[in-house]
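Here the structure comes first, spelled out in structure tokens, and everything after it is commentary.
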Amino acid sequence: MDAGLAAVLGAAVGALGTGGAALLTGLLGRGQARTQLRAEHVRLLREPRRSAYVAFAQSFQEVQALHAEAFKSASAAAGTAEPDRSTLLDEADRLYAQAGDKLYGEFQQRQSGVTVEGPPSLTAAAFAAENALLTFRGELHRLIRGLRRGPATDELERAAEDALLAVHPPLVRFLDVASGTLADDGLGA
């Protein structure tokens, strides 16, 4: 083989090898850059999401606690004679109204924050929790109104108690989804 041809072939192989290595390095670097950007994006979302999720859970628990106290007063009124019965029902009405003020004020704002921050699976869990809370509120209203009309039926009290017990599982589901969302590091691992 001629020395000139060998030099040309050597240069061509070297150029192809260098070009291939550069292409491979570029593709690998691009993938790594995407991974880093994704991880940074998730990190930047984490704190605002955490704040929205915690605020929602705290507001939910405050509203639920007020409703539970109203239920406790209404249940106590069911087995009590006047004038204590009226006092207990007035307390149940006051707590119910206070819970409604929080529910339709602060709680709705917190839920909007969760909806904006997302993701959709968490928004769905927040709406499921709110639905359970609203169901309990409706049954509690029926119980208090029923007690105002006269002796409560066991059916009204049982329905309100069942609705109260059904409030907790959707909140736990919301917290589980929130925890999983915040634990995502963006790396897909």
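Each residue of the sequence shown is one higher than the one before, counting from 189 in my numbering.
For every residue, glycine included, the Cβ atom is placed at its ideal position computed from N, Cα and C.
### Task
Tell whether a beta-carbon distance below 8 Å holds between G288 and F244.
In the sequence shown, residue 288 corresponds to position 100, counting from 1. In the sequence shown, residue 244 corresponds to position 56, counting from 1. At the C-beta level, G288 and F244 stay beyond 8 Å of one another.
### Task
Evaluate Y241 with the Cβ neighbour count: other Cβ atoms within 10 Å of its Cβ, from every protein chain shown; 16 or more gives buried, anything less gives exposed.
Taking the first residue of the sequence shown as position 1, residue 241 is located at position 53. Counting Cβ neighbours within 10 Å, Y241 comes out buried, since at least 16 surround it.
### Query
Measuring CB to CB, does A285 end up less than 8 Å from T323?
Numbered from its first residue, the sequence shown carries residue 285 at position 97. Numbered from its first residue, the sequence shown carries residue 323 at position 135. No, the pair does not count as a contact, with Cβ atoms beyond the cut-off.
### Query
Are there 16 or more other CB atoms within 10 angstroms of the CB of S247, so buried, or fewer, so exposed?
Walking along the sequence shown from the start, residue 247 turns up at place 59. Counting the other CB atoms within 10 Å of its CB gives S247 a total of 16 or more, which places it among the buried residues.
### Query
Leaving out the 5 sequence neighbours to the left and right, which residues in its chain are closer than 7 Å to Q252 when beta-carbon positions are compared?
Locating residue 252 in the sequence shown gives position 64, counting from the first residue. The beta carbon of Q252 sits closer than 7 Å to the beta carbons of L321 and V355 from its chain, once the five residues preceding and following it are set aside; these are given in chain order.
### Sufficient close CB pairs (3 or more, under 8 Å) joining the stretch 275-285 to the stretch 254-262
These segments touch.
### Query
Is the CB-CB distance between E270 and Q299 below 8 Å?
Your numbering for residue 270 matches position 82 in the sequence shown. Your numbering for residue 299 matches position 111 in the sequence shown. No, Cβ-Cβ distance for E270 and Q299 is not below 8 Å.
### Query
For L335 versus A266, is the C-beta spacing smaller than 8 Å?
Numbered from 1 along the sequence shown, position 147 holds the residue referred to as residue 335. Numbered from 1 along the sequence shown, position 78 holds the residue referred to as residue 266. The answer is yes: Cβ separation under 8 Å.
### When P339, R330 and P358 are compared against A347, the one with the closest alpha-carbon
Within the sequence shown, numbered from 1, the residue matching residue 347 stands at position 159. Cα-wise, what sits closest to A347 is R330.
### Message
So within the stretch 304-370, which uninterrupted alpha helix (DSSP H) runs reach at least 4 residues, ignoring any that extend past its ends?
### Response
Fully contained in the stretch 304-370 are the following alpha helix (DSSP H) runs of length 4 or more, in chain order: 308-337 and 342-353.
### Query
Which residue from H255, L291 and G368 puts its Cα closest to that of A313?
Position 125 of the sequence shown, counted from the start, is the residue given in the question as residue 313. Distance check between A313 and each of H255, L291 and G368 places G368 closest, using alpha-carbon atoms only.
### Task
Specify the secondary structure class of T206 as computed by DSSP and reduced to three states.
The residue labelled residue 206 in the question sits at position 18 within the sequence shown. It is helical.
### Burial state of R337 (16 or more Cβ within 10 Å)
Numbered from its first residue, the sequence shown carries residue 337 at position 149. Label assigned to R337: exposed.
### Cβ neighbours of P357 in the same chain (closer than 8 Å, five flanking residues each side left out)
Stepping through the sequence shown from its first residue, residue 357 is reached at position 169. Result list for P357: A320, in chain order.
### Message
Taking 8 Å as the limit between beta carbons, can you name the residues of its chain near I332, skipping five residues before and five after?
### Response
In the sequence shown, the residue the question calls residue 332 occupies position 144. Here the set comprises A258, A262, L277, A280, D281 and Y284.
### Through-space distance from F295 to E305, alpha-carbon basis
Against the sequence shown, residue 305 aligns to sequence position 117. Against the sequence shown, residue 295 aligns to sequence position 107. Distance between the alpha carbons of E305 and F295 is about 15 Å.
### Query
Near E250, what residues of its chain come up, given a Cβ to Cβ distance below 7 Å and the 5 sequence neighbours on each side ignored?
The count along the sequence shown starts at 1 and reaches residue 250 at position 62. Sequence-distant partners of E250 (beyond 5 residues in either direction) whose C-beta falls short of 7 Å from its own C-beta, in its chain, are K290.
### Task
Give the DSSP-derived three-state secondary structure of D190 in the structure shown.
Numbered from 1 along the sequence shown, position 2 holds the residue referred to as residue 190. The three-state secondary structure of D190, taken from DSSP, is coil.
### Task
Please report how far the alpha carbon of H255 lies from the alpha carbon of E345, in whole angstroms.
One-based indexing of the sequence shown puts residue 255 at position 67. One-based indexing of the sequence shown puts residue 345 at position 157. Per the coordinates, the alpha-carbon of H255 lies some 14 Å from the alpha-carbon of E345.
#### Entry: First and last residue of the uninterrupted alpha helix (DSSP H) at E294
Here residue 294 corresponds to residue number 106 of the sequence shown, with the count starting at 1. That residue, E294, is in no alpha helix (DSSP H); it is neither H nor E in DSSP.
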